Ligand SMILES: [Zn+2]
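Numbering (this note's numbering), first residue to last: 83 to 410.
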């Protein structure tokens with residue numbers, strides 16, 4: 083089986099990444115009763131990944147037609163009528179241009195903040211649009227496929243419909259409401275079905291790991307507020323963008339809130355005796371988890387330290403060109 087029916091008429095298709103250090107992503111398809119459906123997240127633009135997805139999705143459509151759950155006369159290119167991009171990160175959004183080729187009538191939706199980031203993410207696209215065919219091909223082949231990916235910048239992506247917080251999204255037997263939350267990204271679009279006690283969590287809550295937070299677009303305060311908002315929901319299942327489904331939503335949410343609070347205390351404790359730089363704090367907090375984790379945790383430590391300054395728990399001191407933090 084290349085997909086999983088995680089709830090009636092909701093299918094999770096795992097799209098593999100062929101690049102080291104990039105995770106597989108769960109692309110969800112919600113089959114609506116009119117024979118069309120919603121894709122929640124667009125997955126990767128990498129050809130191998132996308133081809134895997136397309137093969138699996140084609141098989142799923144064939145199976146649904148065989149079972150009589152999807153009318154035979156519905157053309158393949160009409161099956162997806164909406165693509166909801168949860169946020170701007172490339173594992174969620176870069177597949178949009180490829181998806182548009184197969185589903186040209188699909189309306190691509192995202193929050194205003196996501197739409198703005200996707201629009202301005204690459205100046206190379208502006209150069210392409212000026213219409214130098216040779217240059218266009220050269221840039222496409224040489225830069226788009228190598229340099230842009232290397233520096234993790236992706237082509238500009240146009241959003242057709244801007245999602246608002248609380249907006250209804252009809253999904254057949256599901257009646258979703260858009261929940262816009264900050265934290266991991268400036269405005270992540272989650273889908274909540276109150277009656278079915280279900281939430282698509284994108285990257286905000288994952289089962290096996292805590293989500294990445296770091297400059298320039300994450301907000302630690304936004305993340306903690308979003309987690310409190312989610313903890314107040316009555317849910318029976320969370321459908322994340324990576325890894326396994328979350329079968330105990332409130333427990334997992336509370337576990338993550340406690341984990342972050344514990345790290346906050348650790349950071350305050352580290353700065354109790356003498357002032358510490360971000361590098362010092364990150365080293366003391368994460369060194370036992372290896373050099374790689376220490377390196378990527380510096381951004382997170384920066385966000386948390388600034389949050390603790392705003393809350394009056396730490397004080398920031400200028401020490402030459404560095405900023406150091408000390409407990410108040
Ligand atoms: Zn993300």
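Note that CB positions come from ideal geometry on N, CA and C, so glycine has one too.
Because the structure is a prediction, the values reported are computed rather than measured.
* If you follow the beta strand (DSSP E) that residue 256 is part of, which residue opens it and which one closes it? -> Note, residue 256: beta strand (DSSP E), 256-263.
* So is the beta-carbon of residue 202 under 7 Å away from any non-hydrogen atom of ligand 1? -> No, Cβ of residue 202 sits at least 7 Å from all heavy atoms of ligand 1.
* Asked: Which word fits residue 343, buried or exposed, when buried means at least 16 other C-beta atoms lie within 10 angstroms of its C-beta?
  -> Residue environment analysis places residue 343 among the exposed positions, since fewer than 16 neighbouring C-beta atoms fall within 10 angstroms of its C-beta.
* Other residues of its chain near residue 216: CB distance less than 8 Å, five sequence neighbours each side excluded -> Per-residue confidence for residue 216 stands at a pLDDT of 46, beneath the threshold of 50, marking its modelled position as unreliable; no derived number is given.
* Contact between the segment 307-321 and the segment 350-364: three or more CB pairs below 8 Å? -> The segment 307-321 and the segment 350-364 do not touch, with fewer than 3 CB-CB distances between them shorter than 8 Å.
* To do: Count the other CB atoms, across all protein chains shown, that sit within 10 Å of the CB of residue 297; report buried if there are 16 or more and exposed otherwise.
  => With fewer than 16 other Cβ atoms from the protein chains shown falling within 10 Å of its own Cβ, residue 297 counts as exposed.
* Leaving out the 5 sequence neighbours to the left and right, which residues in its chain are closer than 8 Å to residue 146 when beta-carbon positions are compared? -> The residues 113, 152, in chain order, have a CB closer than 8 Å to that of residue 146 in the same chain once the five nearest residues on each side in sequence are set aside.
* To do: Return yes when at least one heavy atom of ligand 1 lies under 7 Å from the C-beta of residue 267, else no.
  => The answer is yes for residue 267.
* Three-state secondary structure assigned by DSSP to residue 215 -> For residue 215, the predicted model reports a pLDDT of 40, less than 50, meaning its position is unreliable; a value from the coordinates is still stated below. Here residue 215 carries a helix assignment [DSSP, helix/strand/coil].
* Selection from 253, 379, 128 that minimises the alpha carbon distance to residue 172 -> Checked all of 253, 379, 128; the closest Cα to residue 172 is 128.
* Would DSSP call residue 396 helix, strand or coil? -> Shown here, residue 396 sits in a strand according to DSSP, grouped into three states.
* **Burial state of residue 334 (16 or more Cβ within 10 Å)** => Label assigned to residue 334: buried.
* Asked: Between the beta-carbon of residue 165 and the beta-carbon of residue 181, is there less than 8 Å?
  -> Inclusion of residue 165 and residue 181 in the CB contact set at 8 Å is warranted, their separation being smaller than that value.
* To the nearest angstrom, how far is it from the Cα of residue 88 to the Cα of residue 396? -> The straight-line gap from Cα to Cα measures roughly 44 Å.
* **CA nearest to the CA of residue 348, picked from 189, 383, 374, 402** => The residue from 189, 383, 374, 402 with its alpha-carbon nearest to that of residue 348 is 383.
* the segment 103-111 in contact with the segment 248-260 per 3-pair CB rule at 8 Å -> Fewer than three pairs of CB atoms, one per stretch, sit closer than 8 Å, so the segment 103-111 makes no contact with the segment 248-260.
* Report the residue ranges of all alpha helix (DSSP H) runs contained in full by the segment 328-401; include only those spanning at least 4 residues, in chain order. => List check, alpha helix (DSSP H) in window: 331-352, 360-368, 373-392.
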